[in-house]
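Right, one structure below, let's go through it.
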Amino acid sequence: MKYGKAAGIDSISCEMLKALGDFGIDTLTELCNKMYHTAYIPEDLKTSVFIRLPKKPRATDCSEYRTISLMCHFLKLLLTVIHKRIAQKIDSEISELQAGFRKANGTREAIFSLKILAEKHIEMQKDIYACFIDYSKAFDSVKHEKLIQAMRKTDIDPNDLALISHLYWTQKTKVRVGKDLSDEVDIKKGVRQGCVLSPSLLYFP
């Protein structure tokens, strides 16, 4: 985890976690193991905080702001471990043609492939057609029940799946405007913003 990142609702920063001594690390490990084996995440850890940042100076309209979700760094740490456990299993379920959010792959490779295809078709004087689709709010549109159903069809460890299911079925958020914090709001769909699992989970449903 990088230094200088805003803390979640628990106000615990990355610097605090990295400054833990042996006793603190042992306690943190024990808590992670308990959460993993019971598939239970405390309410505060599941609750994110939404803040808004202007996309441009002097923003006045809601569409001119970007919503940022602040998660607890302790939860990020646990989910990073979970991600390492399930990454290969998730990757095996995704099409080889999918370039985004893949290890050793990305948009550069996709653009290169498209460029080569176009050049070859022009060289052979053949027609080629391309269709570009921009999904609006793709991360915010994922249905939780469809996501969990898709994950159950894989060989992901039941403990990993139970923890992820609990996180998604019961996640909440609060909205911060200035120094004011709203009441809790249930999140009914979408993958979690700022979560290491989200880019991979996006392709499951």
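Quick note: to get this note's numbering, add 986 to the position in the sequence shown (first position is 1). We put the CB at the ideal spot given by N, CA and C, even for glycine.
Residue span of the alpha helix (DSSP H) that contains residue i, given as start and end
i       : result
Tyr1115 : Tyr1115 -> no alpha helix (DSSP H), and no H or E assigned at all.
Asp1070 : First, the residue type needs correcting, since residue 1070 is Lys and not Asp in the sequence shown. It spans 1059-1077 - the alpha helix (DSSP H) in which Lys1070 sits, taken as one unbroken run.
Gly1010 : 1008-1024
Asn1145 : 1144-1155
Met1137 : 1130-1138
Arg1094 : 1093-1109
Ser980  : With the chain running from 987 to 1191 in the structure shown, residue 980 is simply not present.
Leu959  : With the chain covering only 987 through 1191, there is no way to say anything about residue 959.
Among the options, the one whose alpha carbon lies nearest that of residue i
i       : options                            : result
Glu1001 : Ile995, Gly1010, Lys988            : Lys988
Leu1147 : His1130, Leu1103, Lys1101          : His1130
Lys1174 : Asp1126, Asn1145, Asp1047          : Asp1126
His1069 : Val1182, Tyr1189, Leu1188          : Val1182
Gly994  : Leu1188, Tyr1189, Leu1187, Lys1160 : Lys1160
Cys1048 : Asp1172, Asp1169, Val1163          : Val1163
Ser1015 : Asp996, Leu1133, Ala1116, Leu1064  : One point to set straight first is that residue 1015 is Thr, not Ser, in the sequence displayed. Nearest of Asp996, Leu1133, Ala1116, Leu1064 to Thr1015, Cα basis: Leu1064.
Thr1140 : Ser1168, Gly1092, Ser1078, Phe1087 : Ser1078
Ala1104 : Glu1095, Ala1116, Arg1094          : Ala1116
Trp1253 : Val1171, Asp1166, Leu1167          : Any question about residue 1253 goes unanswered here, given that the chain covers just 987 to 1191.
Lys991  : Thr1046, Ser1055, Arg1094, Thr1066 : Ser1055
Thr1197 : Lys1165, Asp1166, Leu1149, Ser1168 : Residue 1197 cannot be examined here, being either before or after the span of the chain that is shown, 987 to 1191.
Cβ-based neighbour list, residue i, same chain, cut-off 6 angstroms, excluding 5 preceding and 5 following
i       : result
Ser1184 : Val1177, Arg1178
Met1057 : Gly994, Ser1034, Gly1180
Beta-carbon proximity of residue i to residue j, cut-off 8 angstroms
i       : j       : result
Gln1111 : Lys1032 : no
Ile1230 : His1107 : Nothing can be reported for residue 1230: it is not among the residues displayed for the chain, which extend from 987 to 1191.
Ile1080 : Tyr1189 : yes
Asn1145 : Tyr1026 : no
Lys1075 : Ile998  : no
Lys1041 : Glu1029 : no
Ala1085 : Ser1186 : no
Phe1060 : Leu1003 : yes
Ile1134 : Ser1151 : yes
Beta-carbon proximity list for residue i, same chain, < 7 angstroms, skipping 5 on both sides
i       : result
Thr1053 : Phe1036, Arg1038
Met1091 : The sequence given here places Asn at residue 1091; Met does not occur at that position. Ala1085.
Span of the beta strand (DSSP E) around residue i
i       : result
Ile1054 : 1051-1056
Lys1158 : 1158-1163
Ser1034 : 1033-1040
Any non-hydrogen atom of the ligand MN within 7 angstroms of residue i CB
i       : result
Arg1038 : As presented, the structure is devoid of all ligands, the ligand MN included, so that no description of it is given.
Contact with chain D by residue i, beta-carbon distance below 8 angstroms
i       : result
Asp1141 : Of the chains in the structure shown, none is chain D; there is only one protein chain.
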